[in-house]
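Structure first, then comments.
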Amino acid sequence: MHCSAPLLSLLVATLCAVVAAESGTEKLAIGSPKVIPGRFLVEFDDDYNNDQFRVQAEPEYETRVELRYTLFRGVSIQLNDVDTAEEKAVQLASLPSVKNIWPVYVIELPELELEEVVSAGVSAHSQLKRSGKTSLSNAPHVMTQIDKMHAEGITGKGIKIAVIDSGIEYTHPALGGCFGEGCLVTSGYDFVGDDFTGYNNAMPDNDPMDCRGHGTHVAGIISAQENEFGIFGAAPGAVLSAYRVFGCTGVTTSDIIIAAYNAAYEDGADIITASLSARSGWSSSHWNDPISRIVERGIPCLASAGNTGDSGLFDVGNPGAAKGVTAVASFENTVRPTEQFKGYHIIDKASPVSFPIHHGRPGDWDGVERPLWATGYNLSTTVDGCEPLSDDTPDLSQYVVLLRRADCSYSDQAQNVADKGAKFLIIYNNEPGFNFIFLDGIEGIQGVAGISMELGETWIKALEAGSTVMTDILASDNPERYFIFDPDYDEAGTVSYWSSMGPSYEMNAGPNFGAPGGAILSTVPVSQGSFGVKSGTSMACPLAAAAYALIAEARGKLEPAVVADVLASTAKAQAYYNIMDQTFEDWLTSPVQQGAGLIQVYDAAHATTLVTPTSLSFNDADHFIETLNFTLTNSAKNEISYDLLHTPSRSLYVLEPDGIKHSTWDVGNVNVHAEILISSSRVVVGPGESTTIEVTAIPPQGLDLKRMPLWSGYISINGSDGSSLSLTYQGLQGSLYNATVIRDDDLWIASSSAWTLDPVPDNTIFTLPPPGTPWSWEYNYPLVIMTLHWGSRIITADIVPLTTCPPNTTIQARGMETIGQLVGYPQLWSPHGETSVTWEGSLADGLYAPPGRYKVVVRALRIHGNESEDEDWFMAESQPFQIKYLETVGGDDDGTGDDAPSQ
C-alpha cells in the first residue's frame, strides 16, 4: 500500500463507510465532493490481476467497474457486509498487491439549458435559416483564428478525438448519421446505460448513443459537418470516438471516468476531451493521477475549468487541475445567437410573411390561424391591459390578443384579457429586442409569446388602418426554428464571469487558456430541435481540443507540452471587463481568470518560437521562489531578436475585507503589482538555438495581507519577425499554511424542516424515524452545516457523545471520545464552500448512533499540513443537540421533533 500510515487509516475509514441509507440519496450539498459510501477504487501492482483479487476478497464486495488497462489495473468495489466491513477494509488495504486505494466520488454533468437570454438590438441582425460559412454563425472560429486554418485547408484530418461525455447522437445528420468505421463517430463505448443515475448498477454496452444532449452539443463544436444553418465544427476533418459516462439522468462516478480515459487511450485516441469538472482546487486530487499518466504517454487531455466563478479564486475543477491536463476557461461569443421560433402573419390578403417569435410560458400554441385584436393604437402607452377591459370588449377566445409591454406586470395584463375569454396572448416589447414572458397560473391562458417592438408597431399600424391581421403561431410541439445573431451585446468577447478561477492550492497555474464558451450554437439531439445555444466551459473545452487537432495537422506532430506551450504563448490576453459597470478597464484580466488568454490557433500553428514552460509560479510567502527561468527556442531559419518587458495585471484579493470569507466572482482588485526583473530586456537567438532568461519577482508592498493578495501578470516577448508572445506568472502574498480553513462559528446544526438554515437552540431534540427508514420530508433531521473558507486535503466529522454515561460503542480517535463519523467522512481533497449533511443517525461504519446528546466535531487539515501533527489541524464544534427514535414509523410521536431545549 503506497500511503502513509495516518492517511491509510483515514482511507480505510472511508472505505468502511457502507451504504446506510436508501440508494440514490445524495448526502452532501454542492461545496464538497460527494462520496459514494462504501465504494472504493483499488489499483493493483502490475504483476497482479483482478481474478486473484476476487478470489481473496469476495463475497465481501460487489464489483462495479473492472479496469484492465495498460496504465491502470484495478477494480471498483462496493462493500456489502456491514458487520465485517472494518475488518475487511483493513485486510484489503494491507494486501501487498494493492498499489493505491481511493474513495469513489460523484461527478455532476453541467446541465446547461438552451439559452433564453435575448439581447437588445438583435432585430437589425436577424437571419433566417442560413447556408454557407458566415462570420455570424461561426464567430468563435473568427475569434480564435480557426477560420484562417480552414482557409489553408487545415481541418484536423487524420486526428481522432475522444469525447468523454453523455454520449453522441451519431444519427444526427450534421454528425455523420452513422456509427462505426467510415463514419464521423468511428468508435466508442457506453460505460453506464440509459438508467444509470450514479448510485445504481451500470449496464454498459457498445452503443454510446446520447439521450441527454450535452455530448452531442460538444461533438458539434468539434466536428459538425455542413448543414442548413451553416454551422460547422472547428475540426470538421477529425473523427470522433464517444465514451458515454452519464445516463439519461443523474450523475456519474470517478471510477467510470478513469475507465473511460483509459479506454480512450487504448483505443488510439490522439486527443481526449472531457467537458466535466468536479469542484476541488487541488492538482494532486486522488483521481487526477491516473489521468496525468495518459498525458505523460503523449496524449493531450483537456477538461473544462468549471462554471464556478461565483466561488472565487482557487476553484478550478478536476480533472482540469491535474498535472499535465489542460484546463480551459470560457470567453463570451462575440456574436450572441439566440434560438427563435417561426410564426406567420397575413395582412389582408397578402402572402404569408414569417416572423420571429419568442415562446413564453405557458406555450401550448395549437397551430390554428386566428385574427389579431388590440386594445387600441397608442404606440407609446405604458398601461396597455393594466386595467380591466371595458364592457364592450368582444369575446377574445377566437383572437390572438396583442398588447404592448407595460409598467404593470405581465400577469396583470394576462389576467385582464383572460377575464374576457382570451386564450392566446402576444406582448410586443417597448424597446429594441425581445422579451421573455412567464405567465404560469393564469387560468384560461394557453399560449403566450413575445415579439419585437418593430413588428408589434407594424401590426398596430395595420390594424389602425383597418386591415385584418391574421396570425399563425405553429404548434408548440412542432415549431420551426431559426436563430437571431447579435454582434452588439455588452459582454461580447469578454472572459465569462462564471468561468472558474485558479490557481490550485499547490499554486499551480490554471486555467491554462480560454476559448469561446458563452452562447455557442451547435448540434443538439434532433428531438430537441437539432441545433441549440448553450453556455459553459463545457463548450470552450471541445473547441480547444479541436484547436489541438488543427495544430497537430499543421505542425505534423502532437506533443502535449509543445501544443500547450504554443497555444499559451500566442494567446491574446483580454482587458478586464467590469460586469457591474459594463465597461472595459485599462488593465489585463489576471491569468488566474483567463489563463494566458483567448487562443489564437493560426499563430500557434505557425509559431517558430517556443516559450517554455507555459507559466511561472513564484508560490506563496512560505514557499516563495525569488527567481525562476524560462526558455526561448528559435526554430526559424533566421536569427530573431526579442524585446522583453513586464505587463502586470492588478493584484486580486482572495478574501473579503474580514480576512475570512472568500471573494466571489467580483474579486476585489487593487492597482498594485509585483516588481518583475528580467535578466535581459533584449536577447538574440540564432536559428535552431535556445536561450534561458531569469525572472526575479519582488512581491508588491502596501497590500492588506490578511486578505491574501494574489499578484500576477504577463511577460511580453516581441520578436523581430513580427511575433507577439507572452508568458504568465503568479504569486501569493500570504501563507497558505496559515489560512484559516474553518472556525467554530462555521459549523452548526440547523433543522431540516426549517425555512432557514439558522442554528437551532442548544439541546434541541430531534425525533428520528427508526434506523434504516428511508429519508422523508415527514421528519425533522439535524442538518449539519459547515463552511470551509479554504480547501482541505482531509476533513473528519466525528459524532461526540455528551452524556455522563456515553454509549459503550465509543472509541478514542483523534484525541476525543467518538462513536464514529458521519457517512461519507473523512472527505479528501475538498474545495472551499458550504456543505450540508442531513443526518439520519447513521454512521460511517454502517451502525446507528444510540439515542442521546451529541455534538459534531470537524477537523480540517491545513493546506500543506502534515496529518500526523496535531497543530496542523483546524477544529470546529457544533452546538449540543439530542436525538431519539420513534419505535415505529407513524407511531405515537408525530415525528416532527421538539424545537424547545430539553429541561
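Counted the way mature numbering (1 follows the signal peptide of the UniProt record, and there is no 0) counts, the sequence shown spans residues -21 to -1, 1 to 882.
Glycine included, C-beta positions come from ideal geometry on N, C-alpha and C.
Every value quoted in this text rests on a predicted model; they were computed, and no experiment measured them.
Own chain residues within Cβ distance below 6 angstroms of Q791, not counting five before or after: Numbered from 1 along the sequence shown, position 812 holds the residue referred to as residue 791. Closer than 6 angstroms at Cβ, skipping near neighbours: no residue.
Whose CA, out of P570, P592 and G472, lies closest to the CA of T562? Along the sequence shown, read from residue 1 onward, the residue named residue 562 stands at position 583. For the residues P570, P592 and G472, the minimum Cα distance to T562 belongs to G472.
Thinking C-beta only, is S145 closer than 8 angstroms to R223? Position 244 of the sequence shown holds residue 223. Position 166 of the sequence shown holds residue 145. Result yes, Cβ atoms of R223 and S145 sit closer than 8 angstroms.
Own chain, CB closer than 7 angstroms to D327, minus 5 neighbours either side, in chain order: Here the question's residue 327 lines up with position 348 in the sequence shown. So the qualifying residues of the chain are S446 and T447.
Take every Cβ of the stretch 658 to 669, pair it with every Cβ of the stretch 567 to 574, and state whether three or more of those distances are shorter than 8 angstroms. no
Please say whether L840 and H811 have beta carbons closer to each other than 8 angstroms? Stepping through the sequence shown from its first residue, residue 811 is reached at position 832. Stepping through the sequence shown from its first residue, residue 840 is reached at position 861. Taking 8 angstroms as the Cβ cut-off, H811 and L840 do not qualify as a contacting pair.
On a CA-only basis, which of W81, R661 and A130 is nearest Y581? Give me that one, please. Stepping through the sequence shown from its first residue, residue 581 is reached at position 602. Per the Cα distances, A130.
4 or more residues per run - each alpha helix (DSSP H) lying fully within the stretch 367 to 403: 389 to 397
H129 beta carbon near the ligand GDP (any heavy atom closer than 7 angstroms): By its list of ligands, the structure shown contains no ligand whatsoever, and the ligand GDP lies outside what it can speak to.
Just to confirm the assignment, what range does the alpha helix (DSSP H) spanning W127 have? Here residue 127 refers to the residue found at position 148 when the sequence shown is read from its first residue. The sequence as given places Lys at residue 127; Trp does not occur at that position. Taken as a continuous stretch (DSSP letters only), the alpha helix (DSSP H) holding K127 covers I125 to A130.
Sequence-distant residues of the same chain with beta carbon closer than 6 angstroms to Y555, five excluded per side: Mapped onto the sequence shown, residue 555 falls at position 576. Same-chain partners within the cutoff: E564, W566 and T568.
What span of residues does the alpha helix (DSSP H) with H193 cover, start to end? Within the sequence shown, numbered from 1, the residue matching residue 193 stands at position 214. Note, H193: alpha helix (DSSP H), H193 to S202.
Measuring CB to CB, does H337 end up less than 8 angstroms from F415? In the sequence shown, the residue the question calls residue 337 occupies position 358. In the sequence shown, the residue the question calls residue 415 occupies position 436. Closer than 8 angstroms, so yes.
Compute the beta-carbon to beta-carbon distance between F853 and T675, rounded to the nearest angstrom, for a pair I have assumed lies under 8 angstroms. For the purposes of this step, residue 853 is identified with residue 874 of the sequence shown, where counting begins at 1. For the purposes of this step, residue 675 is identified with residue 696 of the sequence shown, where counting begins at 1. That belief does not hold up - the Cβ atoms of F853 and T675 are roughly 35 angstroms apart, past 8 angstroms.
Name the two residues that bound the continuous beta strand (DSSP E) containing R340. Mapped onto the sequence shown, residue 340 falls at position 361. V332 to G342 is the span of the beta strand (DSSP E), which, as asked, contains R340.
Quick one: residues in its chain with C-beta nearer than 6 angstroms to the C-beta of A153, no 5 flanking neighbours on either side, listed in chain order? Locating residue 153 in the sequence shown gives position 174, where the first residue counts as 1. Excluding sequence neighbours, A153 sits near A203, Q204, N206 and T502.
Nearest-angstrom Cα separation, counted from D741 out to E5: Residue numbering aside, residue 5 sits at position 26 when the sequence shown is read from its first letter. Residue numbering aside, residue 741 sits at position 762 when the sequence shown is read from its first letter. Because E5 carries a pLDDT of 26, less than 50, the predicted location of this residue cannot be relied on, and the following value inherits that uncertainty. Approximately 27 angstroms, taken between the alpha carbons.
To the nearest angstrom, how far is it from the Cα of T195 to the Cα of V85? As a working note, residue 195 is residue 216 in the sequence shown. As a working note, residue 85 is residue 106 in the sequence shown. T195 and V85: Cα-Cα distance of roughly 22 angstroms.
Just confirm the distance between the C-beta atoms of I764 and E813, as a whole number of angstroms; I'd bet it's less than 8 angstroms. Counting from 1 along the sequence shown, the entry for residue 764 is found at position 785. Counting from 1 along the sequence shown, the entry for residue 813 is found at position 834. Sure, about 7 angstroms apart at Cβ, within 8 angstroms.
Can the beta-carbon of G511 be found closer than 8 angstroms to that of E318? Position 532 of the sequence shown, counting from 1, holds the residue named residue 511. Position 339 of the sequence shown, counting from 1, holds the residue named residue 318. Yes, Cβ-Cβ distance for G511 and E318 is below 8 angstroms.
Could you compute how far the alpha carbon of S(-18) sits from the alpha carbon of I270? Taking the first residue of the sequence shown as 1, we reach residue -18 at position 4. Taking the first residue of the sequence shown as 1, we reach residue 270 at position 291. Its pLDDT being 40, under 50, S(-18) is placed unreliably in this model, and the coordinates cannot settle the point.
L865 to D25 span [Cα, whole Å]: Residue 865 sits at position 886 when you count from the first residue of the sequence shown. Residue 25 sits at position 46 when you count from the first residue of the sequence shown. Going by the C-alpha atoms only, they are around 52 angstroms apart.
C-alpha distance - S594 paired with G177, whole-angstrom precision: In the sequence shown, counting from the first residue as 1, residue 594 sits at position 615. In the sequence shown, counting from the first residue as 1, residue 177 sits at position 198. Cα to Cα, S594 sits roughly 37 angstroms from G177.
Residue closest to R629, alpha-carbon to alpha-carbon, out of V646, P335 and Y621: What you label residue 629 is simply residue 650 of the sequence shown in a count that begins at 1. The option with the nearest alpha carbon to R629 is V646.
What separation, rounded to the nearest whole angstrom, lies between the Cα atoms of G172 and E846? Translated into the one-based positions of the sequence shown, residue 172 becomes position 193. Translated into the one-based positions of the sequence shown, residue 846 becomes position 867. Cα-Cα distance, rounded: 40 angstroms.
Using the Cα positions of L381 and Y476, report the straight-line distance between them to the nearest angstrom. The residue you call residue 381 lines up with position 402 of the sequence shown. The residue you call residue 476 lines up with position 497 of the sequence shown. Looking at the two C-alpha atoms, the distance is approximately 37 angstroms.
Between G291, P367, D363 and Q680, which has its C-alpha nearest I405's C-alpha? On the sequence shown, position 426 is the one that residue 405 refers to. Nearest option by C-alpha distance: D363.
Alpha carbon to alpha carbon, what distance is there between K321 and F208? As a first step, residue 208 is located in the sequence shown; it is residue number 229 there, counting from the start. As a first step, residue 321 is located in the sequence shown; it is residue number 342 there, counting from the start. So the two alpha carbons sit approximately 15 angstroms from each other.
Determine the closest residue to W254 out of A494, D599 and I530, with distance taken between C-alpha atoms. For this step, residue 254 is matched to residue 275 along the sequence shown. In the sequence as presented, Trp is not what sits at residue 254; that position holds Ser. It is A494.
Proximal residues to D345 (C-beta, below 7 angstroms), its chain only, five neighbours per side dropped: Along the sequence shown, one-based indexing puts residue 345 at 366. The answer, listed in chain order, is A454.
Looking at the structure shown, is S233 part of a helix, part of a strand, or coil, going by DSSP? Sequence index remark: in the sequence shown, residue 233 carries index 254 (1-based). Three-state result, S233: helix.
Distance, Cα to Cα, I147 vs V274? To locate residue 147, count along the sequence shown from 1; it is residue 168. To locate residue 274, count along the sequence shown from 1; it is residue 295. Roughly 24 angstroms separates the two Cα atoms.
Is it a yes or a no for the stretch 729 to 739 touching the stretch 687 to 704, going by three-plus beta-carbon pairs under 8 angstroms? no
Which of the three DSSP states, helix, strand or coil, is assigned to residue 955? Examination of residue 955 is not possible in this model, given that the chain is present from -21 through 882 alone.
Looking at the structure shown, is K640 part of a helix, part of a strand, or coil, going by DSSP? To locate residue 640, count along the sequence shown from 1; it is residue 661. Coil at K640, not helix or strand.
Assuming M449 contacts I200 under a Cβ cut-off of 8 angstroms, what Cβ separation, rounded to an integer in Å, is found between them? Taking the first residue of the sequence shown as position 1, residue 449 is located at position 470. Taking the first residue of the sequence shown as position 1, residue 200 is located at position 221. Contact doesn't hold; Cβ gap of about 40 angstroms is too wide.
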